[in-house]
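Numbering (the numbering used here), first residue to last: 2 to 484. Glycine included, C-beta positions come from ideal geometry on N, C-alpha and C.
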């Protein structure tokens with residue numbers, strides 16, 4: 002077991018901590034409760050690290066806490082050694098603190114596909130204590146009865162700031178929660194959706210500052226459309242409007258997290274029916290109409306339903322990184338990586354409000370969830386280490402990731418740093434996205450918008466029974482008595 006703590010002094014000197022809890026609509030900082038329900042905290046490093054996890058002093062005698070994971074995603078929860086990179090070393094130190102405190106060994110059980118979690122559980126094997134899974138796969142397998150209700154695990158305290166309120170509230174139905182999205186990993190932050198824009202080209206077109214629009218509360222979908230719809234340059238002079246040209250906006254792939262950003266949640270929680278469909282609304286009609294007109298009735302937007310894979314030349318990442326779009330939208334981590342070795346002077350923005358009546362800016366995100374298999378043979382130890390790792394992730398990894406990596410290393414200007422506070426203030430995960438794998442409304446939005454006229458009302462009338470049936474399946478799962 003590792004016994005020497007690396008780079009703790011380096012981390013302390015590098016990080017000026019803003020302890021972001023990425024949660025609900027109210028501000029706050031100092032106490033456990035306010036830090037959890039606030040989003041951008043002004044706590045000092047000492048105040049953050051002094052928040053107690055209230056866990057008992059326990060010696061686990063070298064017990065192994067096994068995380069089932071793939072090589073690509075291991076780094077978000079557990080690393081084997083320090084390497085001088087600030088976030089990697091924060092994860093390393095956080096793990097090490099837990100290991101030394103409880104005399105436990107945190108290990109990764111590598112697999113080529115965590116979808117195989119199901120195979121292990123159905124075989125009755127006790128191969129791992131938790132699995133870090135694709136969010137939709139986790140939701141699907143949860144409904145097969147493969148995971149434990151983490152609400153019943155010992156030691157977990159959902160009032161602590163390392164349990165973001167927006168994830169706990171969203172993923173809990175009928176006091177049951179089968180998937181964890183918290184600071185045990187930092188992937189949910191990495192996979193927050195944002196807007197990138199080319200600062201130099203914005204100035205070339207003498208457009209107003211979107212930063213000021215955000216600050217003034219006037220950054221709306223209509224404003225974004227007006228700034229992009231007529232911006233088009235036939236870069237190669239062939240007379241064809243295609244991905245090689247310069248566009249005001251470029252988007253490829255499905256509309257993941259657009260509903261969350263525009264305050265549309267298909268599954269509303271209701272005291273009597275637990276969940277009900279709440280997607281057939283004026284907001285959805287408005288979104289479809291505006292999106293269709295923007296993408297298909299103007300020259301300034303490039304859209305393709307297929308993006309050719311991460312970082313492909315003809316997807317939104319490749320186009321923006323090559324300087325071929327003024328604005329784009331996508332996964333924060335992927336946009337940063339795409340632009341890392343370029344000279345693009347980029348700014349970062351939250352998604353706009355759908356209309357000026359929307360009170361807040363919202364940012365959708367996806368995650369790879371932590372799940373606890375029903376074959377777990379030591380739930381007491383498992384709950385203890387989940388809570389300990391989540392607390393250390395909040396205290397050590399979050400500051401390194403957010404303040405040092407994002408706001409210092411990867412933000413081009415102080416304005417983008419300010420925008421990141423707004424972006425992480427109101428992040429959202431969609432319950433319907435997680436538990437409705439065969440008919441998600443993110444995909445339905447693509448279907449409607451690409452159809453002539455973007456007639457949401459007609460589409461909903463044709464598909465309501467199908468979606469109601471899927472909802473009822475989810476409700477049945479959450480409300481059935483425990484076996």
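Rounded straight-line distance, which links the Cα of residue j to that of residue i
i, j, result
"residue 28", "residue 53", "For residue 28, the predicted structure reports a pLDDT of 31, less than 50, and the residue's modelled location is therefore unreliable. A value from the coordinates is still provided. Each residue's Cα considered, the two are about 21 Å apart."
"residue 486", "residue 408", "Past the edges of the chain, shown from 2 to 484, lies residue 486, and the structure says nothing about it."
"residue 102", "residue 383", "15 Å"
"residue 381", "residue 303", "52 Å"
"residue 388", "residue 157", "6 Å"
"residue 110", "residue 469", "39 Å"
"residue 132", "residue 293", "39 Å"
"residue 1", "residue 475", "Outside the shown range of the chain, which is 2 to 484, sits residue 1, and nothing can be said about it."
"residue 105", "residue 154", "18 Å"
"residue 44", "residue 400", "With a pLDDT of only 47 at residue 44, under 50, the local geometry of the prediction cannot be trusted, and no value is derived from it."
"residue 421", "residue 347", "13 Å"
"residue 287", "residue 298", "16 Å"
"residue 122", "residue 141", "14 Å"
"residue 41", "residue 265", "A caution first: residue 41 carries a pLDDT of 41, below 50, which makes its placement in the model unreliable, though a value can still be read off. Spanning the two alpha carbons is a distance of roughly 23 Å."
"residue 268", "residue 260", "12 Å"
"residue 272", "residue 372", "26 Å"
"residue 84", "residue 192", "23 Å"
"residue 466", "residue 366", "28 Å"
"residue 477", "residue 434", "17 Å"
"residue 152", "residue 175", "11 Å"
"residue 124", "residue 116", "14 Å"
"residue 203", "residue 417", "15 Å"
Per-residue DSSP class, three states only, for residue i
i, result
"residue 271", "strand"
"residue 397", "helix"
"residue 195", "strand"
"residue 133", "strand"
"residue 295", "helix"
"residue 341", "coil"
"residue 258", "coil"
"residue 77", "helix"
"residue 483", "coil"
"residue 27", "Model confidence at residue 27 stands at a pLDDT of 31, short of 50, so the residue's coordinates are unreliable; what they give is reported in the following sentence. Note: residue 27 maps to coil in three-state DSSP."
"residue 222", "helix"
"residue 35", "Because residue 35 sits at a pLDDT of 35, beneath the cut-off of 50, its placement in the model cannot be relied upon, and the following sentence gives the value as read from the coordinates. Looking at residue 35 - three-state DSSP - the assignment turns out to be helix."
"residue 278", "strand"
"residue 118", "helix"
"residue 253", "strand"
"residue 181", "strand"
"residue 364", "strand"
"residue 86", "coil"
"residue 187", "coil"
"residue 8", "Unreliable positioning characterises residue 8 in this predicted model, as indicated by a pLDDT of 31, which lies under 50. The coordinate reading is nonetheless provided below. Three-state DSSP puts residue 8 in coil, outside helix and strand."
"residue 159", "coil"
"residue 166", "helix"
"residue 244", "coil"
"residue 51", "coil"
"residue 312", "coil"
"residue 101", "helix"
"residue 234", "strand"
Segment limits, beta strand (DSSP E) that includes residue i
i, result
"residue 109", "105-111"
"residue 372", "369-372"
"residue 302", "302-305"
"residue 70", "64-70"
"residue 332", "326-332"
Span of the alpha helix (DSSP H) around residue i
i, result
"residue 485", "There is simply no residue 485 to check, as the chain begins at 2 and stops at 484 in what is shown."
"residue 405", "Premise fails: residue 405 is in no alpha helix (DSSP H) and is neither H nor E."
"residue 322", "317-322"
"residue 349", "From DSSP, residue 349 is part of no alpha helix (DSSP H) but of the beta strand (DSSP E) over 347-350."
"residue 353", "Residue 353 -> no alpha helix (DSSP H), and no H or E assigned at all."
"residue 204", "200-205"
"residue 443", "442-451"
"residue 423", "415-426"
"residue 433", "432-436"
"residue 60", "Premise fails: residue 60 is in no alpha helix (DSSP H) and is neither H nor E."
For residue j and residue i, believed in contact at Cβ under 8 Å, the rounded distance
i, j, result
"residue 240", "residue 301", "Going by Cβ atoms, the distance from residue 240 to residue 301 rounds to 16 Å, so no, they are not a contact pair."
"residue 222", "residue 353", "5 Å"
"residue 98", "residue 393", "5 Å"
"residue 1", "residue 242", "Because the chain here runs from 2 to 484, residue 1 falls outside it and cannot be looked at."
"residue 180", "residue 370", "4 Å"
"residue 480", "residue 275", "6 Å"
* Flag this pair as touching only if the stretch 169-187 and the stretch 430-448 have three or more C-beta atom pairs under 8 Å; answer yes or no. => Put simply, the stretch 169-187 touches the stretch 430-448. At least three CB pairs are less than 8 Å apart.
* Should the stretch 177-189 be regarded as contacting the stretch 248-263, the criterion being three or more beta carbon pairs within less than 8 Å? -> no
* Could you tell me whether the stretch 451-463 touches the stretch 206-223, using the rule of 3 or more Cβ pairs below 8 Å? => no
* Three or more beta-carbon pairs under 8 Å between the stretch 77-90 and the stretch 345-360, yes or no? -> The answer is no - the stretch 345-360 does not touch the stretch 77-90, with fewer than three Cβ pairs under 8 Å.
* Asked: Is the stretch 333-351 touching the stretch 404-424 in the sense that three or more CB pairs, one from each, lie closer than 8 Å?
  -> yes
* Asked: Using 8 Å as the threshold, is the stretch 107-121 in touch with the stretch 67-74, meaning 3 or more CB pairs across them?
  -> yes
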